[in-house]
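Chemist: Going by the UniProt record's numbering, the sequence shown opens with residue 1, and the numbers climb by one from there.
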Amino acid sequence: MITLEQDENVIIREYRHWFVFLSHVIGFVVLAVAPLVLASIYASLGGNAVTLAVPGNISLLITFGSSVWYLALWVAFFMQWTTFFLDTIIVTDKRVIYVNQEGLFARRVSTSSIDRIQDVTVRVEGLIPTFFNFGTVAIQTAAEEEKFTIHGIANPDEIKESVLEARRKSTASASTGV
């Protein structure tokens, strides 16, 4: 859980773009339909795998194998869905927080003070990312802190401008002593 300081205000909160998730869903649909297509091709060539009219244990083996296949697909889909919906970047007036869900039970939360940010780079490559406005944001911080790199994030230019504006305000308030 992300806890904000008492006088800290959220400027922007962004998630991965829906198109990134859609591309993964298409892959899962292809993997789910593939066994059915292969079975129908086998049946059209004279086999009878579609009706599972095969002797005894082989029929059970085919049923077990397909059940394991679809269970594995379901688990992989759920893991992808969880990662998609929990990955986020939060820009406040004091810091940048990046939550990276790495698995079902693994999350990495990276935080950097807004005044430690040195550079923000946005990369939008390709027709679809340009059309749907998503891309990669890289935030370089000072000292030994690591670089934040967020792939497939929605509104990358808006994030860049929010971070740089928060940094300008932080620098201005520090120089005026406010």
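Yeah, the Cβ is synthetic: ideal placement off N, Cα and C, and Gly gets one too. Note that this is a predicted model, so its numbers are computed, not measured.
Mind checking whether residue 105 and residue 73 have CB atoms under 8 Å apart?
Modeler: It is not a contact, given that the beta carbons lie outside the stated cut-off.
Chemist: Does residue 14 pass the burial test, meaning 16 or more other C-beta atoms within 10 Å, or should it be called exposed?
Modeler: Per the 10 Å Cβ criterion, buried.
Chemist: Give the single residue among 114, 141 and 160 whose Cα lies nearest to the Cα of residue 124.
Modeler: Of the candidates 114, 141 and 160, the one whose C-alpha sits nearest the C-alpha of residue 124 is 160.
Chemist: Keeping to the same chain, check which residues put their C-beta closer than 8 Å to that of residue 83; ignore five residues upstream and five downstream.
Modeler: For residue 83, where only same-chain residues beyond five positions count, the Cβ hits under 8 Å are 101, 102 and 103.
Chemist: Going by beta-carbon coordinates alone, are residue 148 and residue 70 separated by less than 8 Å?
Modeler: In this structure, residue 70 does not lie closer than 8 Å to residue 148 by Cβ.
Chemist: Sort out for me which residues DSSP pairs residue 166 with in a bridge.
Modeler: BP columns for residue 166 are empty, so no partner.
Chemist: For the segment 112-132 against the segment 36-44, do three or more pairs of beta-carbon atoms, one drawn from each stretch, fall closer than 8 Å, so that the two count as touching?
Modeler: Output reads no: the segment 36-44 does not touch the segment 112-132.
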